[in-house]
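Each position in the sequence shown, counted from 1, maps to that position plus 306 in my numbering. We treat Cβ as the ideally placed atom computed from N, Cα and C, and that holds for glycine. Source: prediction; values computed, not measured.
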Amino acid sequence: MEVKKSIFLIALLITAFLLSTILLLGDFLNNERKSNVEERMEIISDLNDIQTFSLLSDVYGNKLACLAFKSKLADWDKTLWNLGLKLEQYRVATEEFQKDPFYIEQKKKFNENELLYMAFLTKAKNECNLTQNIISFFYRKSELCKKCDDQSFVLTDVKRMLEDQVSIFSFDSDLNITSVQLLERYYEIDQYPCIVINEEKFCGIQDRNFILDKLGYTE
307 MEVKKSIFLI ALLITAFLLS TILLLGDFLN NERKSNVEER MEIISDLNDI QTFSLLSDVY
367 GNKLACLAFK SKLADWDKTL WNLGLKLEQY RVATEEFQKD PFYIEQKKKF NENELLYMAF
427 LTKAKNECNL TQNIISFFYR KSELCKKCDD QSFVLTDVKR MLEDQVSIFS FDSDLNITSV
487 QLLERYYEID QYPCIVINEE KFCGIQDRNF ILDKLGYTE
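Next up, the structure:
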């Protein structure tokens, strides 16, 4: 019962975060309104699904909790990845956008919830015997880290190739988020860019072939 309760509690938090982020970004960016409405409805549907799954799991136990999570993993991963890309595209597009207090606050929240989702995914991976690959990417702004943007492009390429076979989480070290700083101390990150592939740390820029090899894939 303990596994089921913890999985569904965090799943609800993740879904609520995705919905709030879509709402706020849609209002702020004021574009692609039809797409934003569709995304909102999908997340609301997820909330209903989680409530249904939770009720079924009260009857059928932890095995169903793990099956339910697996069924939603690809959808959540895609939504989170697309939200991150949207924030990054607007960051690159305009310098003024980077200085906007709303953007900075939303990026902080996004990073905090990425960490929450990554912790949840790692927990579910261990307790539900998932085979999901997990990459954490720690970076700084381009003025302080000349290779960080290059590493970001490589990881985007890897994600495009492997799709839902890998979950990639990007953490902005310049935002001074306490939870991210704790994670950096845990992994003893002392230079940027730095990636952690399935709990194995590699600092300095890594090319696509190296990352694919560590993930167990060859071109």
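Check                                                                                                        : Outcome
The region 439 to 452 in contact with the region 467 to 476 per 3-pair CB rule at 8 Å                        : yes
Closest Cα partner of Ile495 within the set Glu449, Asn504, Phe508 and Lys452                                : Phe508
Beta carbon of Tyr523 nearer than 8 Å to that of Leu468                                                      : yes
Segments assigned alpha helix (DSSP H), at least 4 residues, entirely inside the region 452 to 483           : 454 to 468
Lys513, buried or exposed, once every other Cβ within 10 Å from all chains shown has been counted against 16 : According to the sequence as given, residue 513 is Asp; it is not Lys. When all chains shown are included, Asp513 counts as exposed.
Contact under 8 Å by Cβ, Asn419 with Phe477                                                                  : no
Closest Cα partner of Glu411 within the set Ile511, Tyr492, Asp480 and Asn515                                : Asp480
Under 8 Å between C-beta atoms of Tyr493 and Val502                                                          : yes
Which of helix, strand or coil DSSP assigns to Tyr409                                                        : helix
Exposure of Lys452, with buried meaning 16 or more beta-carbon neighbours within 10 Å                        : exposed
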